[in-house]
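Note that the protein sequences, when read in sequence, are chains U and H.
Letter 138 of the first sequence, counting from 1, is numbered 138 in the numbering used here, and no numbers are missing.
So the number in the numbering used here is just where the residue sits in the second sequence, counting from 1, plus 1000.
Protein chains: 2
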Amino acid sequence: MMTKKLTLDDHLPYLLNRAGNLVIQLFSRDLAQWGLTVPMWRILAVLGERGPQRLVDLAVLTSIDVSTLSRTIGSMVRRGFVTRGVAPDNRREVVISLTAEGRKISTKPVPMAVRYEQSLTSGLSAKDLAASKRVLKAVFERLATQAGRSIPDKTPSRKSASRRSSKPPARK
Amino acid sequence: MMTKKLTLDDHLPYLLNRAGNLVIQLFSRDLAQWGLTVPMWRILAVLGERGPQRLVDLAVLTSIDVSTLSRTIGSMVRRGFVTRGVAPDNRREVVISLTAEGRKISTKPVPMAVRYEQSLTSGLSAKDLAASKRVLKAVFERLATQAGRSIPDKTPSRKSASRRSSKPPARK
DNA sequence: CTGCAACAGTTGCGTTTGCAAGTGAATGAT
DNA sequence: ATCATTCACTTGCAAACGCAACTGTTGCAG
């Protein structure tokens, strides 16, 4: 059987995975100066940008497993960055919101993050960069749908979308 | 203080990290049918492409921590995929090589990997794709140097490069 | 030669992870 | 109204991870 040949250095998933890992490794070192971890930073950033979110939605938006997220949120509550509130119209939903403290700290790493991106991309063709962001977004979109997660609506309106579970009702 | 505004969806590190995570998550599910994990697959692929490698070099090439790598190799030896040999000219170096069994299994996921990449990128502009790979490689290169890892030579010649440790001699 | 520093790997250990099972709340069918 | 199902979240548990400490080897000053 003739295998189609696979050059690792040109294999997108491999490239993506390695670059993603490395980026996050370095980033987390820098983040340590604020006492933040990468997951925390992502949570803070999403909440700052989109406002209060339910746990499930936050999980999709940050690509963090719900169980992990639940624990991380726990430690963030203890640190006073966010609050865990119950949704008024549905008592099983937990709504995560930034506290004042959380909002304050969420802005701290921004300049660093911006500088970080610049240092990674300086000297690269702006066209290539734009193209690569397009590709990355498109790829991510496909991955997300393939993984069965629907991306929550931008509007934090409670009774909104995300009402289609791609999983067909399968039960014993 | 005027923060430069950071749009998460356009932030390269964030994009990279999330896409990388998702990709690997899905990929690992598919890999399970061969009883392989993602790290194993990476190791197999690198060995298949570049030939026997020292542990440190393998660590750099796969972006896996040496300690983790050491353990993973252990389980791969137990499974009969690779062998742990001692370098003839330097008894502290461990050389990892594919066994026949390992070589055989290393080809198995290739068609899947190829299909995987196709499904992720089909319909995307070839130009954009090429550009994005360029960017990814460049970014990765910068990350690697910044992380202090020098990429080993393509030639498996033993006494080659990788003789500069970027760490200044610091000891107690 | 001798002794110290750098290297290559391995192992210990605490933390993080991600799946699966468990809990309580809402939904829907009879 | 009742009961099974689904949903949102939490918790248990075992595997994976990464750092730091440790072992053995080589290189190099003096």
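From the three backbone atoms N, C-alpha and C, an ideal C-beta is built for every residue, glycine too.
Quantities reported herein were computed from a predicted structural model and do not represent experimental measurements.
For residue i, the first and last residue of its enclosing alpha helix (DSSP H)
i: U/R142; result: 126-146
i: U/G123; result: Looking at the DSSP string, U/G123 is not in any alpha helix (DSSP H), and its letter there is neither H nor E.
i: U/L22; result: 12-31
i: H/L1061; result: 1055-1062
i: H/R1078; result: 1066-1079
i: H/R1050; result: 1038-1050
i: U/R103; result: 100-107
Backbone CA spacing between residue i and residue j [nearest angstrom]
i: U/G51; j: U/S97; result: 7 Å
i: H/Q1025; j: U/Q25; result: 18 Å
i: H/K1108; j: H/W1034; result: 8 Å
i: U/L129; j: H/P1088; result: 46 Å
i: H/L1016; j: U/V110; result: 17 Å
i: H/P1013; j: H/I1105; result: 33 Å
i: H/V1038; j: H/A1045; result: 10 Å
i: H/G1123; j: H/V1135; result: 20 Å
i: U/A32; j: U/V66; result: 23 Å
i: H/D1010; j: H/R1054; result: 38 Å
i: H/G1080; j: H/R1103; result: 10 Å
i: H/L1120; j: H/E1049; result: 23 Å
i: U/T99; j: U/T62; result: 19 Å
i: H/K1133; j: U/K137; result: 14 Å
i: H/V1095; j: H/T1072; result: 14 Å
i: U/I64; j: H/N1090; result: 44 Å
i: H/L1022; j: U/M112; result: 25 Å
i: H/L1036; j: H/E1117; result: 19 Å
i: H/R1042; j: U/T7; result: 12 Å
i: H/K1092; j: H/S1075; result: The question names Lys, but residue 1092 of chain H is Arg in the sequence shown. Using only the alpha carbons, I get a separation of about 20 Å.
i: H/A1126; j: U/A131; result: 10 Å
i: H/L1047; j: H/S1070; result: 15 Å
Minimum Cβ-Cβ distance from residue i to chain U less than 8 Å
i: H/Q1146; result: yes
i: H/L1016; result: yes
i: H/P1156; result: With a pLDDT of 43 at H/P1156, under the threshold of 50, the predicted position of this residue should be treated as unreliable, though the coordinate-derived value follows. Output row for H/P1156: interface = no.
i: H/T1072; result: no
i: H/E1049; result: yes
i: H/K1104; result: no
i: H/S1067; result: no
i: H/S1063; result: yes
i: H/L1006; result: yes
i: H/L1055; result: no
i: H/L1129; result: yes
i: H/P1088; result: no
i: H/P1039; result: no
Min CB distance residue i to chain H below 8 Å
i: U/G35; result: no
i: U/A32; result: no
i: U/G85; result: no
i: U/E101; result: no
i: U/S97; result: no
i: U/D10; result: yes
i: U/F27; result: yes
i: U/A45; result: yes
i: U/L22; result: yes
i: U/P52; result: no
i: U/A161; result: Reliability fails at U/A161, whose pLDDT of 39 lies under 50, so the model's placement of it is uncertain and the value that follows must be treated cautiously. Chain H, which has no Cβ nearer than 8 Å to the Cβ of U/A161, makes this no.
i: U/V60; result: no
i: U/V82; result: no
Proximity test, residue i beta-carbon vs the ligand PLP heavy atom, cut-off 7 Å
i: H/V1086; result: Among the components of this structure there are no ligands whatsoever, and the ligand PLP is therefore not found.
Unbroken beta strand (DSSP E) run spanning residue i, endpoints
i: U/T83; result: 82-87
Contacts around residue i, its chain only, beta-carbon distance under 8 Å, and the 5 residues preceding and following it disregarded
i: U/T68; result: P39
Cutoff 6 Å; reference residue i; Cβ partners in own chain excluding five residues on either side
i: U/V77; result: R84
Own chain, CB closer than 7 Å to residue i, minus 5 neighbours either side, in chain order
i: H/E1101; result: G1080, F1081
- Task: Taking only beta carbons into account, state which residues of the stretch 112-126 of chain U come closer than 7 Å to chain H, listed in chain order.
- Result: A113, V114, Y116, E117, L120, T121, L124
- Message: If the cut-off is 9 Å on Cβ atoms, which residues from the stretch 131-143 of chain U count as contacting chain H, listed in chain order?
- Response: A131, S132, K133, R134, V135, L136, K137, A138, V139, F140, R142, L143
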